[in-house]
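Mapping of the sequence shown onto numbering that gives the first Met the number 0: position 19 corresponds to residue 18, and the numbering continues sequentially without gaps.
Reviewing the structure listed below.
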Amino acid sequence: MTEKKKANPTLLEEFRADFPRFWRGIPDKGLFFGLLAVWSALFQFWGNAVFGWVDTPSMFHWAYFVHDTAAEDGHGKLIPLVVLGLLWWKHDELLAAPKRLWWPALGLVLGALVLHVLGFMVQQTRISIIAYCVGVYGLTGLVWGRHWLHATFFPMFLLAFCVPFGTLSDPITLPLRLLVAKASVGFAHIVLGISVMSDGTYIFSEGYQYDVAAACSGLRSLTALLIITIIYGFLTFKTNLKRCLIIGSAVPIAIVGNIVRLTLVIVTADAFGNEAGVFVETKLGFVTFAIAIACMLGIGYLLRDEVETKRGAARRVSMEAKPA
Numbered sequence: 000m001t002e003k004k005k006a007n008p009t010l011l012e013e014f015r016a017d018f019p020r021f022w023r024g025i026p027d028k029g030l031f032f033g034l035l036a037v038w039s040a041l042f043q044f045w046g047n048a049v050f051g052w053v054d055t056p057s058m059f060h061w062a063y064f065v066h067d068t069a070a071e072d073g074h075g076k077l078i079p080l081v082v083l084g085l086l087w088w089k090h091d092e093l094l095a096a097p098k099r100l101w102w103p104a105l106g107l108v109l110g111a112l113v114l115h116v117l118g119f120m121v122q123q124t125r126i127s128i129i130a131y132c133v134g135v136y137g138l139t140g141l142v143w144g145r146h147w148l149h150a151t152f153f154p155m156f157l158l159a160f161c162v163p164f165g166t167l168s169d170p171i172t173l174p175l176r177l178l179v180a181k182a183s184v185g186f187a188h189i190v191l192g193i194s195v196m197s198d199g200t201y202i203f204s205e206g207y208q209y210d211v212a213a214a215c216s217g218l219r220s221l222t223a224l225l226i227i228t229i230i231y232g233f234l235t236f237k238t239n240l241k242r243c244l245i246i247g248s249a250v251p252i253a254i255v256g257n258i259v260r261l262t263l264v265i266v267t268a269d270a271f272g273n274e275a276g277v278f279v280e281t282k283l284g285f286v287t288f289a290i291a292i293a294c295m296l297g298i299g300y301l302l303r304d305e306v307e308t309k310r311g312a313a314r315r316v317s318m319e320a321k322p323a
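Below you can see the structure in the form of structure tokens.
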């Protein structure tokens with residue numbers, strides 16, 4: 000049992016074994032965390048100028064409140080953890096990269112500061128969130144150099160998903176709601192012969208009536224799929240064309256998945272009544288999302304070539320060969 004455990008260490012065991020080596024290999028940690036503390040303090044005490052929040056000027060408090068209350072933006076709280084995980088996934092590359100002070104990165108920080116001032120003046124905290132993330136990225140380049148910036152661009156780019164959509168998503172969700180309503184009703188009525196109609200975003204029949212609300216527009220699943228496909232694309236493929244193809248597949252997959260889900264709601268409500276349709280709509284959304292993930296993996300499998308397959312196998316062998 001002991002030999003097997005050493006031959007196949009768990010992720011936690013690998014982290015415990017590698018983190019001290021990684022920590023010792025990163026120079027100027029005190030400088031970076033000191034600068035990060037000053038940068039974060041700016042956004043804690045002068046990060047939010049929105050009317051009604053004068054007693055809580057923290058950008059972090061505003062962002063947490065929006066992420067916690069808006070279902071479409073709930074993923075924002077998890078993104079920093081995802082970024083940290085991806086940075087750790089690249090820790091060998093980061094450890095091997097040359098590290099030194101690189102003053103041109105100060106331009107990123109100053110640009111982020113100007114962006115924050117602009118967001119503060121126009122009372123758009125979303126702009127300040129972008130400025131904070133760009134500034135953190137710039138500080139890493141300032142302390143550890145341009146090679147670090149290049150190696151961490153992809154994980155840090157995902158911080159863009161920390162910006163909450165809020166009401167800004169209305170121009171996107173309304174067309175999606177109309178498309179989903181018309182497509183699902185058209186398929187149910189023409190192909191399945193179910194007596195159902197739509198009026199705008201309303202779906203109705205004799206026994207039931209539904210409104211394709213903003214939460215049902217597919218934006219939530221689209222955002223989640225975009226995040227997953229971006230991660231999958233950058234970790235799996237080396238060419239930008241294949242990355243763009245797998246990321247672009249998130250849009251049709253999310254839309255089709257949502258149409259399938261609402262069609263199932265219509266079929267269930269027509270066969271078993273309104274309560275059964277509501278149950279499918281509220282409880283079985285994860286099924287269509289799982290199917291969407293399977294479709295993404297299928298497309299990824301078709302896009303992968305022999306070189307990438309061998310690279311993935313070599314990476315797994317290398318991870319298994321690491322000493323505990």
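From the three backbone atoms N, C-alpha and C, an ideal C-beta is built for every residue, glycine too.
Shortest alpha-carbon distance to residue i belongs to which of the options?
| i | options | result |
| --- | --- | --- |
| Leu35 | Leu296, Arg99 and Val108 | Val108 |
| Asn47 | Leu114, Phe119, Ala96 and Leu10 | Phe119 |
| Trp22 | Phe64, Asp91 and Thr55 | Asp91 |
| Pro163 | Gly29, Val135 and Ala70 | Ala70 |
| Phe236 | Asp17, Leu93, Gly299 and Glu12 | Gly299 |
| Leu302 | Gly199, Lys98 and Thr238 | Thr238 |
| Val326 | Met155, Val121 and Pro26 | Because the chain here runs from 0 to 323, residue 326 falls outside it and cannot be looked at. |
| Asp72 | His115, Asp304 and Ile226 | Ile226 |
| Ala150 | Gly272, Thr281, Ile229 and Trp88 | Trp88 |
| Asp198 | Asp17, Leu177 and Leu191 | Leu177 |
| Ile229 | Arg219, Ser220 and Ala249 | Ala249 |
| Trp205 | Arg242, Pro251, Thr124 and Ala270 | At residue 205 the sequence reads Glu, which differs from the Trp that was named. Per the Cα distances, Ala270. |
| Tyr340 | Val121, Val190, Ala268 and Leu175 | In this structure the chain extends from 0 to 323, so residue 340 is not present and cannot be described. |
| Leu175 | Gly284, Ser220 and Trp102 | Ser220 |
| Trp101 | Leu148, His66 and Gly84 | Leu148 |
| Leu138 | Gly106, Val121 and Gln122 | Gly106 |
| Tyr136 | His66, Leu117, Leu86 and Ile171 | Leu86 |
| Gly272 | Leu173, Lys241, Arg242 and Phe203 | Phe203 |
So what does DSSP say about residue i, is it helix, strand or coil?
| i | result |
| --- | --- |
| Asp17 | helix |
| Gln43 | helix |
| Met0 | Residue placement at Met0 cannot be trusted, given a pLDDT of 44 that sits under 50; what the coordinates show is reported in the next sentence. In this structure, Met0 counts as coil in the three-state DSSP scheme. |
| Tyr209 | strand |
| Ala313 | The predicted position of Ala313 is uncertain, since its pLDDT is 49 and thus under 50; no value can be drawn from it. |
| Arg176 | helix |
| Pro322 | For Pro322, the predicted structure reports a pLDDT of 46, less than 50, and the residue's modelled location is therefore unreliable. The matter cannot be settled from this model. |
| Ile193 | coil |
| Pro97 | coil |
| Thr151 | helix |
| Asp269 | helix |
| Pro170 | helix |
| Phe233 | helix |
| Val37 | helix |
| Trp102 | helix |
| Ile25 | coil |
| Arg219 | helix |
| Thr287 | helix |
| Thr228 | helix |
Check for me: the beta strand (DSSP E) holding residue i runs from which residue to which?
| i | result |
| --- | --- |
| Ile327 | Nothing about residue 327 can be read from this structure; the chain reaches only from 0 to 323. |
| Ser197 | Met196 to Asp198 |
Looking at residue i: is its Cβ nearer than 7 Å to the Cβ of residue j?
| i | j | result |
| --- | --- | --- |
| Ala182 | Thr200 | no |
| Leu296 | Ala253 | no |
| Phe32 | Met58 | no |
| Phe44 | Pro56 | yes |
| Val142 | Asp27 | yes |
| Val184 | Val195 | yes |
| Val279 | Leu263 | yes |
| Gly75 | Cys132 | no |
| Ala130 | His115 | yes |
| Leu94 | Gly29 | no |
| Ala291 | Gly247 | no |
| Leu157 | Ile245 | no |
| Ala40 | Ile128 | no |
| Phe152 | Phe233 | no |
| Val37 | Thr124 | no |
| Ala96 | His60 | no |
So residue i packs on residue j, CB below 8 Å; how close in whole Å?
| i | j | result |
| --- | --- | --- |
| Ala134 | Ala111 | According to the sequence displayed, residue 134 carries Gly and not Ala. Indeed, because the Cβ distance is near 4 Å, the residues count as touching under 8 Å. |
| Gly276 | Tyr231 | 33 Å between Cβ atoms; not a contact. |
| Ala187 | Ile126 | About 43 Å; that fails the 8 Å criterion. |
| Arg99 | Gly144 | 5 Å |
| Val259 | Thr287 | 6 Å |
Counting along the chain, where does the alpha helix (DSSP H) carrying residue i start and finish?
| i | result |
| --- | --- |
| Trp342 | What the structure shows of the chain is the stretch from 0 to 323, and residue 342 is not part of that stretch, so it cannot be assessed. |
| Ala275 | Asn273 to Lys282 |
| Thr68 | Met58 to Thr68 |
| Val82 | Ile78 to Trp88 |
| Ile245 | Asn239 to Gly247 |
| Gly73 | From DSSP, Gly73 is part of no alpha helix (DSSP H); its letter is neither H nor E. |
| Phe119 | Leu105 to Met120 |
Using only the heavy atoms of the ligand ATP, determine whether one of them is closer than 6 Å to the beta carbon of residue i.
| i | result |
| --- | --- |
| Met196 | As for the ligand ATP, it is missing from this structure, which has no ligand bound. |
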